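Everything below concerns the one structure shown next.
Residue numbers (the numbering used here): 381 to 498.
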């Protein structure tokens with residue numbers, strides 16, 4: 381779905397405004413970012429954001445950027461807190477907890493580097 385959406389965005393700049401304005405596809409992909417297990421999908425979502433903001437020329441579009449920033453700060457908050465307030469990590473073995481925090485840290489690194497480019 382994301383690949384087809386990117387192709388439609390690339391076909392004509394107005395397509396982005398029409399589709400994202402109604403469906404918020406890119407924003408929803410960004411909001412779901414920490415849930416993806418596939419690293420290639422995560423990279424593709426972030427590359428799509430970069431393309432939209434630089435290639436399509438819709439730099440005034442803030443919804444996907446806001447989604448990315450919100451998720452980034454949420455990840456940072458969880459990492460700073462050490463995952464203490466994450467109910468899903470309660471009563472989990474330390475290996476699971478550490479692996480989860482490592483995955484969240486990797487996600488924060490990916491998002492942070494993308495936001496830095498923008």
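We put the CB at the ideal spot given by N, CA and C, even for glycine.
Being a predicted model, the structure only gives us computed values, none of them experimental.
Would DSSP call residue 412 helix, strand or coil? Your numbering for residue 412 matches position 32 in the chain shown. Coil at residue 412, not helix or strand.
When the Cβ atoms of the region 407-416 are set against those of the region 445-453, are three or more pairs found closer than 8 angstroms? yes
Given this structure, state the Cα-to-Cα distance separating residue 398 from residue 382, to the nearest angstrom. Here residue 398 refers to the residue found at position 18 when the chain shown is read from its first residue. Here residue 382 refers to the residue found at position 2 when the chain shown is read from its first residue. Approximately 16 angstroms between the Cα atoms of the pair.
With distances taken between CB atoms, is the gap from residue 431 to residue 390 smaller than 9 angstroms? Walking along the chain shown from the start, residue 431 turns up at place 51. Walking along the chain shown from the start, residue 390 turns up at place 10. Yes.
Between the region 491-498 and the region 461-479, do three or more beta carbon pairs fall short of 8 angstroms? no
Cα separation between residue 427 and residue 452? As a first step, residue 427 must be located in the chain shown, where it is residue number 47. As a first step, residue 452 must be located in the chain shown, where it is residue number 72. About 16 angstroms.
Residue 486, buried or exposed, once every other Cβ within 10 Å from all chains shown has been counted against 16: What you label residue 486 is simply residue 106 of the chain shown in a count that begins at 1. So residue 486 counts as exposed.
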